[in-house]
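Shown next, in structure tokens, is the structure this report addresses.
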Amino acid sequence: MDEDRRDDERYMDEAFALAERGRGMTHPNPLVGAVLVRDGAVVGRGWHAGPGKSHAEAVALREAGPAARGATLYCTLEPCAHHGRTPPCADALVAAGVERAVVAMGDPNPLVDGRGFDRLRGAGIAVDTGEGRWAAQARGQNAAFVKAMSCGLPLVTCKSAVSLDGKVAAAGGDARWISGLESRRLAHGLRAAADAVMVGAGTVRRDDPALTVRHVEGRDPARVVVSRRGEIPVSCRLVASARQTRTIVLAERFAPPARAALDAAGVETLEMGDEGLAGGLRLLAAGGLFDVLCEGGPQLTGALLAEGLADRIVLFVAPLLVGRGAPDLLAAPAVTTIAAATRLTGVTWERAGDDIVLRADMPAAVRSRDLRPQGDVVDRTEAVTRSEAGF
Ligand SMILES: NC(=O)c1ccc[n+]([C@@H]2O[C@H](COP(=O)([O-])OP(=O)(O)OC[C@H]3O[C@@H](n4cnc5c(N)ncnc54)[C@H](OP(=O)(O)O)[C@@H]3O)[C@@H](O)[C@H]2O)c1
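Mapping the sequence shown onto my numbering, position 24 (from 1) lands on 5, and the numbers just tick up by one.
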């Protein structure tokens, strides 16, 4: 590898690491990191810290000041070219006299989508996308944003704690605690990084969970309950704390008294309509909730997987044996042959105390539903106004 290329790799690695600092805070905006380099020295660094805050490029430009003239920008995402809450970064880079921009990927947001590159090139800035060599890393870093922008659905991770024999509760429905404390800490970290945590009404009725972040530092995600008629007890913890932590009930069709009671308690009530779960998930994405962690029981998890709406699985496998008659991981019909079973990809595992944490991706073929964009897509900078205003 020649020297210039090695430098590009090094500075882009730093930009990715800077972007990562915003994890869990930028929603509904993407993670972005930026580094400005002149004469072999870093003169500015920035990352996006969330809606209403400066974009990464603007932060780096501010730090660099006049040293940005003649500099090279390393940025994980295409600079924006439209007026959102903040002025266009592409214009600011041009005005500052940046000479070259090395950018990991184009912004799939239709409001940007190449316009940032056009603006830079039009002003004589050399734009280098590294022949796509950072594209996979960049897409992975912003997987939820990329999915929502491309098809209007959130990225859904199904998380469950299972016994060695694949049970998520005892025969009486008791599930506390299958996994150990170390696993629960990791699970709370997943919550803190997600935009929303989702369960089915069965889990609310049985376990009455709070779905807040407690075992690690981090902010609480929005909480979503899925139900056919919205009939969940108003005395449950989620409803009782809806004015402190955003709580949404997604129902196929609300029973009117159930909806009235939820509305009165400060719960957001949304009808999924004929499209069912897919329609409900579309509503979440349209409201800026792009990264959804499902902590539901066998029915909801089974439905998400069966309908091709789940992207990833995280299983906390505990050294417990529960036995026959207890709820399985998935309430979904079994395939008749192993050849017809779904084989997951991208499998990784780690230990957490006595548990094994297994992560895997659903194969692309299973996620190949009709994913054409429907309805509005969200502006990287304006989305917050929409989500603050409700749906
Ligand atoms: N070990 C674990 O990780 C874990 C995690 C969660 C739960 N659990 C255990 O799982 C058990 C509960 O199982 P569960 O299957 O009842 O939980 P669940 O899947 O969370 O909830 C089921 C309910 O969700 C709603 N629902 C599911 N799919 C739907 C769809 N496609 N459209 C509309 N609504 C839908 C329905 O609510 P309505 O009835 O209101 O229509 C359904 O009754 C409990 O014993 C709990 O402790 C274990």
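We put the CB at the ideal spot given by N, CA and C, even for glycine.
Contact test: residue i Cβ vs ligand 2 heavy atom, cutoff 8 Å
i: Glu256; result: Ligand 2 is not part of the structure shown, which contains ligand 1 as its ligands.
Classification of residue i by the beta-carbon crowding that lies within 10 angstroms, buried from 16 upward
i: Gln225; result: exposed
i: Asp155; result: exposed
i: Gly306; result: exposed
i: Asp351; result: Low local confidence applies: a pLDDT of 41 at Asp351 is under 50, so the model's placement there is unreliable, and no value is given.
i: Val379; result: Given that the chain is displayed from residue -18 to residue 372, the structure contains no residue 379 and the question cannot be resolved.
i: Leu162; result: exposed
i: His64; result: exposed
i: Ser160; result: buried
i: Val276; result: Here residue 276 turns out to be Glu, not Val, going by the sequence shown. Answer is buried; the Cβ neighbour count reaches 16.
i: Gly327; result: exposed
i: Glu59; result: buried
i: Ile213; result: buried
i: Thr228; result: buried
i: Asp272; result: buried
i: Asp244; result: exposed
i: Asp88; result: buried
i: Pro202; result: buried
i: Ile106; result: buried
i: Gly46; result: exposed
i: Arg96; result: buried
i: Pro91; result: exposed
Local conformation of residue i per DSSP, three classes
i: Asp88; result: coil
i: Asp176; result: coil
i: Thr184; result: helix
i: Val338; result: strand
i: Lys128; result: helix
i: Asp351; result: At Asp351 the pLDDT is 41, less than 50, meaning the model places this residue with poor confidence; the figure from the coordinates comes in the next sentence. Here Asp351 sits in coil by DSSP.
i: Leu373; result: There is simply no residue 373 to check, as the chain begins at -18 and stops at 372 in what is shown.
i: Ser144; result: strand
i: Cys70; result: helix
i: Ile294; result: strand
i: Glu212; result: coil
i: Thr7; result: coil
i: Gly25; result: strand
i: Glu59; result: coil
i: Val13; result: coil
i: Thr282; result: helix
i: Asp220; result: Residue identity differs from the one stated: residue 220 is Val in this sequence, not Asp. Val220 falls in the helix class under three-state DSSP.
i: Asp(-6); result: helix
i: Asp(-17); result: coil
i: Leu(-1); result: helix
i: Val75; result: helix
i: Val18; result: strand
i: Leu162; result: helix
i: Arg195; result: coil
i: Pro238; result: helix
Bridge partner(s) assigned by DSSP for residue i
i: Ile229; result: Val205 and Glu249
i: Val108; result: Ala82
i: Ala299; result: Ser144
i: Glu329; result: Correcting the residue identity first, residue 329 is Thr in this sequence and not Glu. The partner list for Thr329 (beta bridge, DSSP) reads Arg340.
i: Asp272; result: Leu136
i: Leu54; result: Leu17 and Ala82
Contacts around residue i, its chain only, beta-carbon distance under 7 Å, and the 5 residues preceding and following it disregarded
i: Ser35; result: Thr67
i: Met(-7); result: Tyr55, Val83, Ala85 and Trp115
i: Arg102; result: Val108
i: Glu(-10); result: none
i: Ala313; result: Gly283, Leu286 and Ala287
i: Arg2; result: Trp28
i: His169; result: Val194, Arg195, His196 and Val197
i: Ala124; result: Leu136
i: Arg166; result: His196 and Val197
i: Ala370; result: Caution is warranted here: a pLDDT of 22 is assigned to Ala370, below 50, making its placement in the model unreliable, and the coordinate value is therefore given only provisionally. Within the same chain, Ala370 has no close Cβ partners at all.
i: Val173; result: First, the amino acid is wrong: residue 173 is Ala here, not Val. For Ala173, where only same-chain residues beyond five positions count, the Cβ hits under 7 Å are Gly5, Val194, Val197, Gly199 and Arg200.
Whole-number beta carbon distance between residue j and residue i, since they are thought to touch under 8 Å
i: Leu285; j: Leu258; result: 7 Å
i: Ser216; j: Gly334; result: Contact flag wrong, Cβ pair sits at about 34 Å.
i: Pro344; j: Leu311; result: Not really, about 16 Å apart at Cβ, beyond 8 Å.
i: His8; j: Asp189; result: About 26 Å separates the two Cβ atoms, so there is no contact after all.
i: Ala39; j: Gly14; result: Not really, about 13 Å apart at Cβ, beyond 8 Å.
i: Ala291; j: Cys139; result: 5 Å
i: Val207; j: Ala223; result: Actually they are not in contact, since the Cβ atoms of Val207 and Ala223 sit about 16 Å apart, beyond 8 Å.
i: Arg19; j: Glu44; result: Not a contact, Cβ separation roughly 12 Å.
i: Ala232; j: Arg204; result: In fact, because the Cβ distance is near 15 Å, the residues do not count as touching under 8 Å.
Same chain, Cβ closer than 8 Å to residue i, five either side skipped, listed in chain order
i: Asp72; result: Ala62 and Arg100
i: Val338; result: Ser164, Leu167, Val295, Leu296, Phe297, Val298, Trp330, Glu331 and Arg332
i: Phe372; result: Because Phe372 sits at a pLDDT of 24, beneath the cut-off of 50, its placement in the model cannot be relied upon, and the point is left open.
i: Ala30; result: Arg2, Gly3, Met6 and Thr7
Neighbour flag for residue i against chain C, beta carbons, 9 Å
i: Gly260; result: This model lacks chain C altogether, as it is built from one protein chain only.
Neighbourhood of residue i by C-beta, 6 Å cutoff - its chain only, sequence neighbours within 5 removed
i: Ala191; result: Arg218
i: Trp80; result: Checking the displayed sequence, the identity of residue 80 turns out to be Glu instead of Trp. If we look at Glu80 and ignore the five residues flanking it on each side, its Cβ neighbours are Gly51.
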